[in-house]
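Chains as they are written, first to last, in the numbering used here: chain A, 1 to 90; chain B, 1001 to 1395.
The following block contains the structure:
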C-alpha cells in the first residue's frame, strides 16, 4: 500500500491552499460595490477576480480568510462570515 | 561454489552479484572490510558501479538515497555510530518508499566507546520503516543480501531492507560459504525497475511537505505494507530456496528442536549458533530444550512465534540489546505475541547478555537454561561483574 508519495511539479496555482482557512471567510454581498478594485489589490493570494462593479468574487480554493478585503472595502460590501453558516445555507 | 571466506569479503561478493550502480559508504569498524573490498572491485573494473567517497555516514546515506531515487540499485553499509549518524536519512529512505539494502555490522553504542558486538544499534532504529533481517552465520548474511534486494524492489513492497550481521563474530570470522553463481542471481534478481524516479524529462518531487491532511496516510501505508511483507517474504524465500538450494522456509523464524521442548530460548543473530551447540550437548543428557531464532525482526512475525511456542512451558528471551528503563526489545515482542491468547507459555523470562562484545559462551547459555524456572525473571543480566559496580561515585 502507498500513501501520498511523489508529486508532479505544479505552479503555485496547482497548490490549493484554501483548506488553511480556520473560521471565517469573506462574503461578497455584491450590492454597493463601486468597482474600485481595492479588494483585488490588497489580496495577498491574488485570488479575487471581477471586471465591473458587483462582479468581484474570491476563489475559495486559495482564499485563506485573512479578512483584508473586508477591512479595505470602502462600501462595507464585503463581510466576514463563519464558514459553517455559509454551508448551512447551501 | 564453496569458498572459505571472511564474512565481510563474502558479503562484498554477494553485493557484487547484485550489481548495484551506486555504492557509497564511510569507513567504520567493524563494517569497513565490506566497502573496502567493494571499492577494490570497482577500481579493478570487476564491478561497473559508481563508488562515491563521502565525508560522513549522513552523506553516504544521502548519496544512496539519491541513487535509488534516480532509479539505480544502490548499496551502503555501516555500524553503530555510523548508523545513528545516518539516522534521519534512514527514516527518509523508508518514508520515500525507496528500495535499498544496507548492511549493518552490529556494534555497541557509545559512550563509553566500544567497537565490539551487540545489537543495540539496529534495534534502536527498529521504528524507521525498514525491514530488518538478522543473520546467524555468513551464509545467511550473503543470502539475505540477494533475497533482500528482491524483496525490497518488488513493486508491492518498495521498502528498504537492513541486513544485520554481528560485528567481528560474522564480519571478521572465516567460514565456508556457498557463493551463488552470477547467472543464478541474475535469474532470481532481475534488473531494478523503479516505480517512480527522478527524471528531468518527466519531473516529479519526492518527500515533499505533507501537512496534517496527508502525513498520517504515509505512515499507515508503510504499516499496511509491513503486514503484507509477513505474507510476501515467505513467498520470496521459497523461490530463493528453490533457486539456490537452501532451506530458509518462511524466512521469518527458524525452529530448532522446538516441537517437543519444555524450555526454549528465543534469540537473534550469531548467538543462535552457540545456543544450538549447547542444545545438542544438553539433549544428549536428556534435557528437552530448543531454540527459536527470529530472522525477521521487522516486520515482526507475531503469529509465527505464537504458533511455534504456544505449547512450550518455559521461554527465555535472550537480548543482545537493552531498552534502558524498559523491558529488552526482543522480550517485549515475545511477550506481546502471547498477550490475550488462550495458549501461552507459563513463563517468559528475559535475559540480557553479550553487551559490548562480552562473549556469550556455552556456559552462559547453560546458566540461562538453569535460571529459566517457574519463577519469571525480567532483565536478568548474564555474566555481569558485580565487582565493577558501586553505589556511589569514587572510592
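Even glycine gets a Cβ: it sits at the ideal position worked out from N, Cα and C.
Judged by their CB atoms, residue 63/A and residue 45/A are nearer to each other than the 9 Å cut-off.
DSSP places residue 1347/B inside the beta strand (DSSP E), whose first and last residues are 1347 to 1352. DSSP, reduced to helix, strand and coil, places residue 1234/B within a helical segment of the structure shown. Two segments are said to touch when three or more pairs of C-beta atoms, one from each, lie closer than 8 Å; by this definition the region 1364 to 1382 of chain B does not touch the region 1132 to 1145 of chain B. Interface with chain B (9 Å Cβ-Cβ cutoff): residue 3/A is included. Setting aside the 5 residues that flank it on each side, residue 1152/B is surrounded in the same chain by 1099, 1100, 1101, 1131, 1158, 1159, 1160, 1161, each with a C-beta closer than 8 Å to its C-beta; the list follows chain order. Boundaries of the alpha helix (DSSP H) harbouring residue 1330/B: 1329 to 1338, taken from the DSSP string. Scanning the region 1350 to 1382 of chain B from its first residue to its last, the whole alpha helix (DSSP H) runs of 4-plus residues come out as 1362 to 1371. Cβ proximity to chain A below 8 Å picks out nothing from the region 1270 to 1291 of chain B. Going by C-alpha positions, residue 1204/B is about 14 Å away from residue 14/A. At a C-beta separation below 7 Å, residue 1217/B has these neighbours in chain A: 3, 4.
In this structure, the straight-line span from the alpha carbon of residue 7/A to that of residue 1209/B is close to 10 Å. Residue pairing of residue 1051/B in beta bridges, as defined by DSSP: 1023/B. Considering only 1056/B, 1118/B, 1072/B, 1113/B, the residue with the shortest C-alpha distance to residue 1089/B is 1056/B. Selection 1365/B, 1363/B, 1020/B evaluated against residue 1189/B yields 1020/B as nearest (Cα-Cα). Taking C-beta atoms under 8 Å as the contact rule, residue 1141/B and residue 1165/B qualify, at a distance of about 4 Å. Below the 9 Å Cβ cutoff, chain B contributes 1211, 1213 as neighbours of residue 19/A, in chain order. For the region 1049 to 1064 of chain B, there are no residues whose beta carbon sits under 9 Å from a beta carbon of chain A. Against chain A, a Cβ distance below 9 Å from residue 1196/B picks out 5, 6. Pairing residue 1330/B with residue 1229/B gives a Cβ-Cβ distance that is not under 9 Å.
Three or more beta-carbon pairs separated by less than 8 Å link the region 1279 to 1291 of chain B to the region 1255 to 1269 of chain B, which places the two stretches in contact.
With a minimum length of 4 residues, the unbroken runs of alpha helix (DSSP H) contained wholly in the region 1111 to 1197 of chain B fall at 1120 to 1124, 1138 to 1153, 1182 to 1188.
Secondary structure at residue 1273/B: helix, using DSSP grouped into helix, strand and coil.
The contact set of residue 1093/B on chain A, defined by CB atoms closer than 8 Å, is empty, because the minimum CB distance reaches about 13 Å. The beta carbon of residue 82/A sits closer than 7 Å to those of 23, 24, all from its chain and outside the five residues before and after it, given in chain order. About 19 Å separates the CB atoms of residue 1033/B and residue 1074/B; that is not less than 8 Å, and the two are not in contact. Between residue 1268/B and residue 1050/B, the alpha-carbon positions lie close to 34 Å from each other. Within a 10 Å sphere around the beta-carbon of residue 1326/B sit fewer than 16 other beta-carbons, which makes this residue exposed. Look at residue 26/A: its C-beta is not under 9 Å from any C-beta on chain B.
At least 9 Å separates the CB of residue 1127/B from every CB of chain A.
For the C-beta of residue 1206/B, the chain A residues within less than 9 Å are, from N- to C-terminus, 5, 6, 7. Contact annotation: residue 1118/B and residue 1316/B have beta-carbon atoms that are not nearer than 9 Å. The region 22 to 42 of chain A and the region 1232 to 1252 of chain B do not touch, with fewer than 3 CB-CB distances between them shorter than 8 Å. Check the Cα spacing between residue 59/A and each of 66/A, 68/A, 67/A, 48/A: the tightest is with 48/A. Burial state of residue 1116/B is buried, judged by a 10 Å Cβ sphere holding 16 or more other Cβ atoms. Beta-carbon to beta-carbon, residue 1365/B and residue 1275/B are separated by about 5 Å, close enough to satisfy the 8 Å threshold.
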